[in-house]
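Protein chains in written order, with this note's numbering: chain A, 1 to 112; chain B, 1 to 116. Below is one structure, written out as structure tokens; the observations come after it.
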Amino acid sequence: GQQLNQSPQSMFIQEGEDVSMNCTSSSIFNTWLWYKQDPGEGPVLLIALYKAGELTSNGRLTAQFGITRKDSFLNISASIPSDVGIYFCAGREANSGYALNFGKGTSLLVTP
Amino acid sequence: NAGVTQTPKFQVLKTGQSMTLQCAQDMNHNSMYWYRQDPGMGLRLIYYSASEGTTDKGEVPNGYNVSRLNKREFSLRLESAAPSQTSVYFCASRGKIWEETYNEQFFGPGTRLTVL
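Structure (structure tokens):
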């Protein structure tokens with residue numbers, strides 16, 4: 001499967017700061033997903049996007065499906081220590097069935 | 001409703017040994033998946049099962065076999081473990097998300113496997 005380009009690879013921020021990460025692909029996707037993985041656990045779905053330009057929020061998290069359908073970004077506002085973890089983007093190409101392509105993840109550390 | 005469960009949580013094997021990783025879901029999902037996660041590599045699909053009785057190869061199937069025992073259970077077998085198979089293995093099943101219009105993958109807690 002296609003490997004997505006996710007950046008940054010890691011972030012080290014202070015509590016209260018806003019965070020932004022993004023994901024790009026070389027082909028057009030019809031689905032973008034954002035998962036969070038806590039240490040020692042499996043990924044948990046945070047946000048799902050299905051339409052180009054769509055902007056969706058889940059509490060302090062906001063994600064957008066890029067207009068070109070080749071990118072997506074995730075913003076976290078007013079970060080707190082429990083935001084620590086690895087954030088993965090995942091996407092699905094049109095006509096690919098249900099297979100997901102994953103980014104390599106953004107590791108987020110938040111200091112009090 | 002336990003979601004997706006995996007056993008064991010941790011395992012250490014010697015090269016050449018065999019073992020089976022177990023996965024079960026209680027959400028009545030049709031599709032199930034096995035991934036491996038390596039540092040800096042994200043998640044890579046090993047095998048998947050679109051429905052009971054069917055299995056298909058994913059991106060990295062070599063060295064693995066799978067069995068869809070029934071609708072609930074999907075196991076992953078390493079016949080002759082190699083150090084390159086040291087990884088964290090995740091099972092997932094696909095079903096309706098909160099909007100109940102779309103279906104996406106729900107992951108288990110993982111099995112951490114070390115092959116010496």
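Using N, Cα and C, we set each Cβ at its ideal position, and we do this for glycine too.
- Under DSSP, B/V12 shares a beta bridge with B/T114.
- CA-CA distance, A/L109 to B/S18, rounds to 37 Å.
- Under DSSP, A/N22 shares a beta bridge with A/S7, A/F73.
- With contacts defined as CB atoms closer than 8 Å, B/T15 and B/V88 fail to qualify as a contacting pair.
- Secondary structure note for A/W32: its beta strand (DSSP E) is the uninterrupted segment 29-37.
- Annotation: B/K71 to B/R94 spans about 12 Å, alpha carbon to alpha carbon.
- By the 16-neighbour rule on beta-carbons within 10 angstroms, B/R36 is buried.
- Each residue's CA atom was taken as its position, placing B/A81 and A/A52 some 44 Å apart.
- The closest CA to that of A/L33, considering only B/L113, B/Q22, B/E104, B/P8, is found on B/E104.
- Each residue's CA atom was taken as its position, placing A/Q3 and A/Q37 some 18 Å apart.
- Between A/K70 and B/G42, the C-beta spacing is not below 8 Å.
- Looking at the backbone, the Cα of B/L76 and that of B/P83 are separated by about 17 Å.
- Residues of chain B with a Cβ closer than 8 Å to the Cβ of A/G103 are, in chain order, G42.
- The beta carbon of A/R60 is closer than 7 Å to those of I76, S77, A78 in its chain, skipping five residues each way along the sequence.
- Inclusion of A/Q9 and A/C89 in the CB contact set at 8 Å is not warranted, their separation being larger than that value.
- Close CB contacts of B/F74 within its chain, under the 6 Å cut and outside five residues either way in sequence, are with C23, M32, S49, R68 (chain order).
- The criterion of a C-beta distance shorter than 8 Å is satisfied by A/N58 and A/L46.
- Look at the region 40-54 of chain A: the residues with a C-beta under 9 Å from a C-beta of chain B are G40, E41, G42, P43, V44, L45, A48, Y50.
- Nearest Cα to B/S51 within the set B/Y102, B/Q11, B/N28: B/N28.
- One alpha carbon belongs to B/T86, the other to B/G53, and they sit about 28 Å apart.
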